[in-house]
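**Student:**
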Amino acid sequence: MSIIVSSISQGILWAILGVALYLTFRILNFADMTVEGSFPLGASTAVALIAHGTNPFLATIAALFVGAIAGLITGVLYTKGRIPILLAGILVMTACLSINLRIMGSANISLLDQKTIFSVPFLSDLPKYFDGVVLGLIVISMLLAFLMWFLQTELGQAFIATGDNKVMAAAFGIKTDRMTIMGLMVSNALIAFGGAVIAQNNGFADINMGIGIIVIALASIIIGEVAFGNLSLNQRLVAVVIGSIIYRLVLLAVLQLGFSTNDLNLISSIILALAMMLPQVRKYLKLDKVLHMGGKVND
């Protein structure tokens with residue numbers, strides 16, 4: 026039972042990344058590689074500050090700001106420097122590796138005997154792993170409420186319009202470059218925030234903890250979409266959270282079959298590939314069924 030609760034806890038906490046990446050991957054229509062740099066950047070910033078005596082909540086908020094700066098740099102490189110978004114993200118991601126080493130002073134930092142956001146009394150009194158579930162639900166609920174409100178505002182609608190059709194949005198007077206930069210800043214701020222929360226939950230920050238996290242975030246999005254089909258925008262945000270939990274439970278099931286934890290990145294890639302191909306498989310099956318029924322009618 027505890028291992029299932031642990032997986033659900035991880036699913037809820039990692040859903041922060043899925044929801045954050047949704048802003049760029051689905052609304053702005055590109056995959057931002059900056060996330061593999063901003064995630065450990067937020068983690069290293071928060072953990073380094075906590076290790077030096079900073080209040081863990083202030084340290085977690087600081088992670089938001091450094092993530093926003095990473096997104097700002099990517100946005101400026103893309104919109105003003107005319108560097109392709111994939112390359113701009115890779116450049117910032119690569120730069121973050123050196124910055125993270127500067128921040129931490131080593132390849133990793135432990136939070137052993139340090140107070141974190143999980144150390145507050147009402148969480149520490151909960152059964153094992155339930156602290157992650159409770160805090161995760163609080164954080165993800167606040168995040169979803171904020172995004173649902175924001176995307177209904179005039180600014181949020183301009184942001185959505187930029188992703189739908191940048192040329193038409195510009196024709197209506199929307200500053201599309203500003204919207205793109207804003208989207209990258211918000212997305213990477215939330216990614217860094219997620220890195221800070223997950224690092225505190227794990228009890229350490231590591232220079233390599235960002236490797237492959239874009240696959241995990243994409244898996245949450247794709248699995249949520251495949252599982253629930255056509256949804257409204259608000260419903261899709263909730264589906265990402267559920268998709269993240271499903272993804273963690275699938276990983277747990279695979280590991281229970283005897284696979285090594287060293288294979289997690291490979292397994293994650295396979296799960297994502299299968300989830301992305303599932304809609305096409307459904308179309309082929311539906312088409313085959315229609316053709317088969319048509320053949321019977323002609324007979």
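For the sequence shown, our numbering gives the first residue as 26, with consecutive numbering after it.
Using N, Cα and C, we set each Cβ at its ideal position, and we do this for glycine too.
Classify arginine 127: buried if its beta carbon has 16 or more other beta carbons within 10 angstroms, exposed otherwise.
**Tutor:** Arginine 127 comes out exposed.
**Student:** In chain order, what residues of the same chain lie with their CB nearer than 7 Å to the CB of alanine 45, ignoring the 5 residues before and after it?
**Tutor:** The residues are Ser212, Leu215, Ile216 and Gly219.
**Student:** Counting beta carbon pairs with one atom in the segment 141-158 and one in the segment 76-89, are three or more of them shorter than 8 Å?
**Tutor:** Flag = yes, the segment 76-89 and the segment 141-158 touch.
**Student:** So, are the CB atoms of isoleucine 206 and isoleucine 37 less than 9 Å apart?
**Tutor:** Result no, Cβ atoms of isoleucine 206 and isoleucine 37 do not sit closer than 9 Å.
**Student:** Would the beta-carbon of serine 63 fall within 9 Å of that of methionine 129?
**Tutor:** Taking 9 Å as the Cβ cut-off, serine 63 and methionine 129 do not qualify as a contacting pair.
**Student:** So within the segment 85-170, which uninterrupted beta strand (DSSP E) runs reach at least 3 residues, ignoring any that extend past its ends?
**Tutor:** Those beta strand (DSSP E) runs which fall completely within the segment 85-170 and span 3+ residues are 133-135.
**Student:** To the nearest angstrom, report how far apart serine 135 and alanine 88 are at their CA atoms.
**Tutor:** Approximately 17 Å between the Cα atoms of the pair.
**Student:** Give me whichever residues DSSP pairs with alanine 230 in a beta bridge.
**Tutor:** In the DSSP output, where bridge partners are listed per residue, alanine 230 has Ile134.
**Student:** Is it right to say methionine 302 is buried, meaning 16 or more other beta carbons lie within 10 angstroms of its own, or is it exposed?
**Tutor:** Burial call: exposed.
**Student:** Leaving out the 5 sequence neighbours to the left and right, which residues in its chain are closer than 7 Å to asparagine 125 when beta-carbon positions are compared?
**Tutor:** Hits under 7 Å: Pro65, Leu66, Ser69 and Ile232.
**Student:** Please report how far the alpha carbon of isoleucine 223 lies from the alpha carbon of alanine 186, in whole angstroms.
**Tutor:** Between isoleucine 223 and alanine 186, the C-alpha separation is close to 32 Å.
**Student:** With serine 32 as the anchor, note down where its alpha helix (DSSP H) starts and where it stops.
**Tutor:** Run containing serine 32: 27-47, per the alpha helix (DSSP H) assignment.
**Student:** Go through its chain and collect everything with a Cβ distance to lysine 191's Cβ below 7 Å, but skip five positions before and after it.
**Tutor:** Within the same chain, lysine 191 has close Cβ partners Thr201.
**Student:** Measuring straight from C-alpha to C-alpha, what distance separates glycine 208 and leucine 48?
**Tutor:** Glycine 208 and leucine 48: Cα-Cα distance of roughly 7 Å.
**Student:** Leaving aside the five residues before and after leucine 53 along the sequence, list all residues of the same chain whose C-beta is less than 6 Å from its C-beta, in chain order.
**Tutor:** Once the five neighbours on either side are set aside, the close Cβ partners of leucine 53 are Gly188 and Gly208.
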